[in-house]
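Contents: one structure, followed by commentary.
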Amino acid sequence: MGDMNHQEARPDRAIFQAVGTVARFGPAVLEFESALDRGRTDTPIPVWVGSRSDLNDGIALAADLYDGIRRPPGCDLGVVVGAGVPEELRRFARPLARGWTGEGTALEATEGSLLIVGCYADLRAAVVRPVLEDAYRRGRDVFLLTGRDLNSLSWAIAKQYGEMTTEAPTGLFTEIDESPQPTREPYFHAGRLDGADIRAVVLGRTWGRILFNGHGTDDSVNLGQFTVCGLSPAVAGAPSAPGPMCAYGLGCYKPMDKLIAVHRVRAAEIVLSGCDSGPLVDLASYGPGHQLLLNAIDGPARTVVAALSMHQSGRVENLLWLDSAGREGSTARVLNESLRDIHPYPSFIQAGLPSSGRVRSSAHSAGREAAPAPWHRQAELRALVRTVSARLQGFLTAGLLSPRYGLRDRLERMAEEIDSSATRLVMGLAAEQRLLMRSLEADLRSLDRALAERVAEDPDDDIMEFPRFFGHRSAVAEEDVTTAPCMCGRPAWRYLRRGFTARIPDTVALGCLRCGPIGYALAEGVAVRGRAADSVTAGGTLRVETELEAVRSGEAQVGVSVPGILRARIGPPLHRVRLRAGEPRRVGFDIGVDGAAIPQEYHYTVFAIQDLGISVLRRHFGVLPDTGQT
Numbered sequence: 186m187g188d189m190n191h192q193e194a195r196p197d198r199a200i201f202q203a204v205g206t207v208a209r210f211g212p213a214v215l216e217f218e219s220a221l222d223r224g225r226t227d228t229p230i231p232v233w234v235g236s237r238s239d240l241n242d243g244i245a246l247a248a249d250l251y252d253g254i255r256r257p258p259g260c261d262l263g264v265v266v267g268a269g270v271p272e273e274l275r276r277f278a279r280p281l282a283r284g285w286t287g288e289g290t291a292l293e294a295t296e297g298s299l300l301i302v303g304c305y306a307d308l309r310a311a312v313v314r315p316v317l318e319d320a321y322r323r324g325r326d327v328f329l330l331t332g333r334d335l336n337s338l339s340w341a342i343a344k345q346y347g348e349m350t351t352e353a354p355t356g357l358f359t360e361i362d363e364s365p366q367p368t369r370e371p372y373f374h375a376g377r378l379d380g381a382d383i384r385a386v387v388l389g390r391t392w393g394r395i396l397f398n399g400h401g402t403d404d405s406v407n408l409g410q411f412t413v414c415g416l417s418p419a420v421a422g423a424p425s426a427p428g429p430m431c432a433y434g435l436g437c438y439k440p441m442d443k444l445i446a447v448h449r450v451r452a453a454e455i456v457l458s459g460c461d462s463g464p465l466v467d468l469a470s471y472g473p474g475h476q477l478l479l480n481a482i483d484g485p486a487r488t489v490v491a492a493l494s495m496h497q498s499g500r501v502e503n504l505l506w507l508d509s510a511g512r513e514g515s516t517a518r519v520l521n522e523s524l525r526d527i528h529p530y531p532s533f534i535q536a537g538l539p540s541s542g543r544v545r546s547s548a549h550s551a552g553r554e555a556a557p558a559p560w561h562r563q564a565e566l567r568a569l570v571r572t573v574s575a576r577l578q579g580f581l582t583a584g585l586l587s588p589r590y591g592l593r594d595r596l597e598r599m600a601e602e603i604d605s606s607a608t609r610l611v612m613g614l615a616a617e618q619r620l621l622m623r624s625l626e627a628d629l630r631s632l633d634r635a636l637a638e639r640v641a642e643d644p645d646d647d648i649m650e651f652p653r654f655f656g657h658r659s660a661v662a663e664e665d666v667t668t669a670p671c672m673c674g675r676p677a678w679r680y681l682r683r684g685f686t687a688r689i690p691d692t693v694a695l696g697c698l699r700c701g702p703i704g705y706a707l708a709e710g711v712a713v714r715g716r717a718a719d720s721v722t723a724g725g726t727l728r729v730e731t732e733l734e735a736v737r738s739g740e741a742q743v744g745v746s747v748p749g750i751l752r753a754r755i756g757p758p759l760h761r762v763r764l765r766a767g768e769p770r771r772v773g774f775d776i777g778v779d780g781a782a783i784p785q786e787y788h789y790t791v792f793a794i795q796d797l798g799i800s801v802l803r804r805h806f807g808v809l810p811d812t813g814q815t
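In this note's numbering, the protein residues as written are 186 to 815.
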């Protein structure tokens, strides 16, 4: 069998052939299928148009778009919904999936990419919504092939076999985004829409891919003064279902000469990025005669991506879409994954198979572990931004640090940089995320080191007042009281202190009946454990072994201090330690006690700083007289 993934057609032969009756359509499908299996391109793709003259217009427009025949990328599994789909159409769709199942199958229990074929009237929420929600959770590709009737469905299937072999531009038109995009493709943002004849630009050429992003509803997407319109030429007379004002003879709310009929847009892929541009049949506000999705399917577009409901797609999704050409799988999935941070449900559906590339295999679509979603990869950055921002707020706005504090200016600059960067335009784009993460981590390492040096030089630095200051503005969270071993071997209480206001960060405390309050940390700071002898002889060295465990991988600054009344040398003053999340790491310090030190009980304090999170652990020890002195 010849390779039919891409076969160019002869320029003197039509790619599609309109067929008037189902009786003629059946044999035409068999003939086309036989040619497809033999690798031949001399048999046109049949389209059962019936009495739908408007579909003939769509076929004529498609002649400018498709110049070859392809074997479409097959889904892992297909299902036909609706008893009214005849065997001829079922056979026509059969090559589009490697396996087929019955309508009664629990589709959520199946694996791999899924193709759902059926008329729009049968795509009810009770049938489709559970499948879409399950696929969204699992990162699974779901494709629809549908239409307003069986003739539209025939046309939707037929276009999957058409190939666009010549290069065509990608176009993006948005009234939501007011800024230029870094792209060489035709791009019209809000500032350019009113200065150009957008209707002429859109309809005057063929497109590989085109996206319309604006406010809208079932029947339209607004582009400034222009409107992408969903009115079907097949509609005549009074509407059988609610419609927009034009359905009642009241004209259009936009200038008629600025309407862009979506069924006349010559693009292989159309993305209708407006609210409610592709609702399921029983969730629609308007009848099928005014549905953007259905009108686009009646045109030459092979793939139409539309919104199930309201959404907040904007610049972030537009950039991702521009970069998604050639990717495997569904355009709708790319957009849905980008919107996870603000919409925990599927926003877009896709009617039609991928315009390029191929359908993802089941190995890629079986679960999120195989292909982590963008929102999952962003989790560390978002958590870091929230954590650091809360700590900065506690340091700077609650009164802990005075206006004259030596590092206040640097801390304030970091707070301002985080506030200006914590937007979807940064947090939602991979390249911007990487830049922010690199910048933030570098600044944090520098500030952590500067804080650690201050504390090593002066254990009574203002910032070390955080346990008392935040503690007086907090209360114990009784549900978070547990026990943990103290360094003395006895059980200690570990408890969370929750701030009374949003400006007071949560802290964790550790208390022992024998040793007293021995540890404090900003919530999610480095866990510090220590071990040392109970006493040391004056003139001797006390070895302190410290174990550290971080919530987040990264660099931490660790040091040890002793009260000023104890004459001692500490070596090294600080450790710069690279930590892996959840993996303990040990470092050691030597406290060299002066020979003239007064024998009594003292304490040492281990402190660790990571991402501005400070953790301290205090332990008593005794200095004994050197009985060997003369």
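Don't be surprised by glycine CBs; every beta carbon is placed ideally from N, CA and C.
For clarity, every value in this text was computed on a predicted model and none was experimentally measured.
Do residue i and residue j have their C-beta atoms within less than 9 Å of each other?
i	j	result
Leu444	Gly463	no
Ser659	Thr692	yes
Leu592	Gln366	no
His231	Ala199	The sequence shown places Pro at residue 231, not His. Cβ atoms of Pro231 and Ala199: not closer than 9 Å.
Tyr789	Arg803	yes
Met817	Asp526	Residue numbering for the chain in the displayed model covers 186 to 815; residue 817 lies beyond these limits and cannot be assessed.
Asp775	Gly724	no
Leu681	Ala708	yes
Gly484	Gly428	no
Arg384	Phe411	yes
Ala641	Leu759	yes
Val743	Ala706	no
Glu382	Tyr471	Sequence inspection shows Asp at residue 382; the Glu mentioned does not correspond to that position. No, they are not a contact pair.
From the options, pick the residue whose C-alpha is nearest to that of residue i; which is it?
i	options	result
Val302	Val313, Glu296, Gln795, Ala294	Val313
Gln795	Ala766, Arg688, Leu300, Val406	Ala766
Arg761	Arg634, Tyr251, Asp691, Arg658	Arg634
Val406	Asp461, Ile750, Phe654	Asp461
Gln206	Leu614, Arg237, Ser606	A quick correction: the sequence has Thr, not Gln, at residue 206. Looking at the Cα atoms, Arg237 is the closest of the given residues.
Trp340	Arg255, Phe201, Glu709	Phe201
Asp362	Ser470, Ser498, Pro784	Ser498
Leu221	Gly243, Ile244, Pro257	Pro257
Val899	Asp239, Ala203, Phe277, Asp227	There is no way to answer for residue 899, as the model of the chain reaches only from 186 to 815.
Ala353	Glu370, Lys344, Ala419	Glu370
Ser364	Val501, Met495, Asp252	Val501
Leu752	His528, Leu759, Ile783, Gly744	For the sequence presented, residue 752 should be read as Arg rather than Leu. Ranking His528, Leu759, Ile783, Gly744 by Cα distance to Arg752 puts Ile783 first.
Glu740	Met672, Ser720, Ala637	Ala637
Leu586	Glu360, Asp645, Ala310, Arg571	Asp645
Can you confirm whether residue i, when its beta carbon is compared against all beta carbons of chain B, has any partner nearer than 9 Å?
i	result
Lys443	In the displayed structure, chain B is absent; only one protein chain is listed.
Could you give the residue range of the alpha helix (DSSP H) that holds residue i?
i	result
Arg576	564-582
Ala426	No alpha helix (DSSP H) holds Ala426; DSSP gives it neither H nor E.
Gly656	651-656
Leu751	No alpha helix (DSSP H) holds Leu751; DSSP gives it neither H nor E.
Ser515	Note, Ser515: premise wrong, no alpha helix (DSSP H); not H, not E.
Glu601	593-606
Asp628	615-642
Could you give the residue range of the beta strand (DSSP E) that holds residue i?
i	result
Tyr321	Element bounds for Tyr321: not the beta strand (DSSP E) but the alpha helix (DSSP H), 310-323.
Gly376	No beta strand (DSSP E) holds Gly376; the alpha helix (DSSP H) holding it covers 375-378.
Pro670	659-670
Glu732	726-734
Leu707	701-707
Leu457	452-458
Ala741	739-746
Gln795	786-795
Leu444	444-446
Ser462	It is not in any beta strand (DSSP E) - Ser462 carries neither H nor E in the DSSP assignment.
Is it the case that the CB of residue i approaches a heavy atom of the ligand COA more closely than 8 Å?
i	result
Ile254	Of the ligands one can find in the structure shown there are none, so the ligand COA has no counterpart to examine.
Entirely enclosed beta strand (DSSP E) segments - the stretch 467-503, minimum 3 residues: The qualifying runs are 488-492.
Touching by the beta-carbon criterion (3+ pairs, under 8 Å), the stretch 526-537 and the stretch 327-339: At 8 Å Cβ cutoff, the stretches touch.
Contact the stretch 685-703 vs the stretch 566-584: 3+ CB pairs below 8 Å: yes
Any 3 or more C-beta pairs closer than 8 Å across the stretch 447-461 and the stretch 378-396: yes
At least 3 beta-carbon pairs within less than 8 Å: the stretch 370-385 vs the stretch 423-438: no
At least 3 beta-carbon pairs within less than 8 Å: the stretch 378-388 vs the stretch 338-351: no
Three CB pairs or more closer than 8 Å across the stretch 478-487 and the stretch 510-517: Not touching, per the Cβ criterion.
Meets three-Cβ-pair contact criterion under 8 Å: the stretch 696-706 and the stretch 672-679: They touch, by the three-pair rule.
Every unbroken alpha helix (DSSP H) within the stretch 198-271, with a cutoff of 4 residues, ordered by chain: Whole alpha helix (DSSP H) segments, 4+ residues: 207-222, 238-247.
Any 3 or more C-beta pairs closer than 8 Å across the stretch 313-322 and the stretch 207-218: Output reads no: the stretch 207-218 does not touch the stretch 313-322.
Three CB pairs or more closer than 8 Å across the stretch 625-632 and the stretch 650-669: no
Complete alpha helix (DSSP H) runs within the stretch 382-432 (minimum length 4 residues, chain order): Given a length threshold of 4 residues, each whole run of the alpha helix (DSSP H) inside the stretch 382-432 is given here in chain order: 383-388.
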